[in-house]
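Peer 1:
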């Protein structure tokens, strides 16, 4: 980025609470895209040969989308470190939950997970997530928010049950609540999908409308 000379810059600390200066050298290296789809950014998938349960993969995507994990650091070794065939599932789930609680982005997730697993193996008790008793007719369901440019995985969150969920109580983790929202995560308006006035040669539906159809 080129900045004109004598231009007064804003104080970065006002807008970026966790901003830190680094006077070290930076090197540009070639890489490959970590997102599996250019339409749903960012969604990551494990490399061939690594199988991850839905809940674990969902949590990893949520960590990437909320800035807790850089997608570029998720290499084959990382995915192997969250493979339940290699590591105990309770270790993986607890470590990923703790990653979500960190204030800073973790730029060395493999090293951090390795230390965390060593702590668990040393006999330290695994932190338990606080459980909230749900009212009757309410269940936990994973949620996906889709904006015009990105996608965010959330939850699982409390959600009203319905006939389908009641018929498949053992498969609730496989259900998704999908919501289309604007970039501020607010509800979309009708004008976001269709223009009120358009000429005969102009498309009435917006690009946001086309995105909704492409996702469905």
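Residue numbers (UniProt numbering): 1 to 216. Even glycine gets a Cβ: it sits at the ideal position worked out from N, Cα and C.
Exposed or buried, what is residue 68 when buried is set at 16 or more other beta-carbons lying within 10 Å of its beta-carbon?
Peer 2: Translated into the one-based positions of the chain shown, residue 68 becomes position 68. Under this definition residue 68 is a buried residue.
Peer 1: So the candidates are 99, 44 and 212; which of them puts its Cα closest to the Cα of residue 79?
Peer 2: Along the chain shown, one-based indexing puts residue 79 at 79. Closest by alpha carbon: 44.
Peer 1: Using only the alpha-carbon positions, how far apart do residue 10 and residue 170 sit?
Peer 2: For this step, residue 10 is matched to residue 10 along the chain shown. For this step, residue 170 is matched to residue 170 along the chain shown. Roughly 53 Å separates the two Cα atoms.
Peer 1: Is the Cβ-Cβ distance between residue 108 and residue 59 less than 9 Å?
Peer 2: In the chain shown, the residue the question calls residue 108 occupies position 108. In the chain shown, the residue the question calls residue 59 occupies position 59. No.
Peer 1: CB-CB under 7 Å to residue 110, same chain, minus the five flanking residues each way: which ones, in chain order?
Peer 2: Translated into the one-based positions of the chain shown, residue 110 becomes position 110. Once the five neighbours on either side are set aside, the close Cβ partners of residue 110 are 77, 78 and 81.
Peer 1: In chain order, which continuous runs of the alpha helix (DSSP H) of length 4 or greater are located wholly inside the segment 137-179?
Peer 2: Listed in chain order, they are 163-167.
Peer 1: Determine the contact status of residue 100 and residue 66, defining contact as a CB-CB distance below 9 Å.
Peer 2: Your numbering for residue 100 matches position 100 in the chain shown. Your numbering for residue 66 matches position 66 in the chain shown. A contact, by the Cβ cut-off of 9 Å.
Peer 1: Reducing DSSP to helix, strand and coil, say where residue 194 ends up.
Peer 2: The sequence position of residue 194 within the chain shown is 194, counting from 1. Reduced to three states, the DSSP call for residue 194 is strand.
Peer 1: Quick check on the DSSP output: what are the complete alpha helix (DSSP H) runs of length 4 or more inside the UniProt domain "RDRP helical" (42-119), in order along the chain?
Peer 2: Complete alpha helix (DSSP H) runs here, min 4: 54-65, 76-81 and 89-101.
Peer 1: Distance check for residue 156 and residue 209, CA to CA, integer angstroms please.
Peer 2: Position 209 of the chain shown, counting from 1, holds the residue named residue 209. Position 156 of the chain shown, counting from 1, holds the residue named residue 156. C-alpha separation (whole angstroms): 27 Å.
Peer 1: Tell whether a beta-carbon distance below 9 Å holds between residue 211 and residue 146.
Peer 2: The residue labelled residue 211 in the question sits at position 211 within the chain shown. The residue labelled residue 146 in the question sits at position 146 within the chain shown. Yes. Within cutoff.
Peer 1: According to the Cβ coordinates, are residue 117 and residue 83 closer than 9 Å?
Peer 2: Against the chain shown, residue 117 aligns to sequence position 117. Against the chain shown, residue 83 aligns to sequence position 83. No, the pair does not count as a contact, with Cβ atoms beyond the cut-off.
Peer 1: In whole angstroms, give me the CA-to-CA distance for residue 163 and residue 178.
Peer 2: Taking the first residue of the chain shown as position 1, residue 163 is located at position 163. Taking the first residue of the chain shown as position 1, residue 178 is located at position 178. One C-alpha to the other measures close to 17 Å.
Peer 1: Here's the rule I'm using: 16 or more other beta-carbon atoms within 10 Å means buried, otherwise exposed. How should residue 46 be labelled?
Peer 2: By 1-based counting over the chain shown, the position of residue 46 is 46. Buried, since its Cβ has 16 or more Cβ neighbours within 10 Å.
Peer 1: Would residue 62 be called buried (16 or more neighbouring beta carbons within 10 Å of its own) or exposed?
Peer 2: Residue mapping note: residue 62 aligns to position 62 of the chain shown, counting from 1. Buried, because 16 or more other Cβ atoms sit within 10 Å of the Cβ of residue 62.
Peer 1: Measuring only the C-alpha atoms, how far is residue 89 from residue 75?
Peer 2: Counting from 1 along the chain shown, the entry for residue 89 is found at position 89. Counting from 1 along the chain shown, the entry for residue 75 is found at position 75. Residue 89 and residue 75: Cα-Cα distance of roughly 20 Å.
Peer 1: Using CA atoms only, rank isn't needed, just tell me which of 173, 166 and 187 is closest to residue 57.
Peer 2: Mapped onto the chain shown, residue 57 falls at position 57. Checking every option, the nearest Cα to that of residue 57 belongs to 173.
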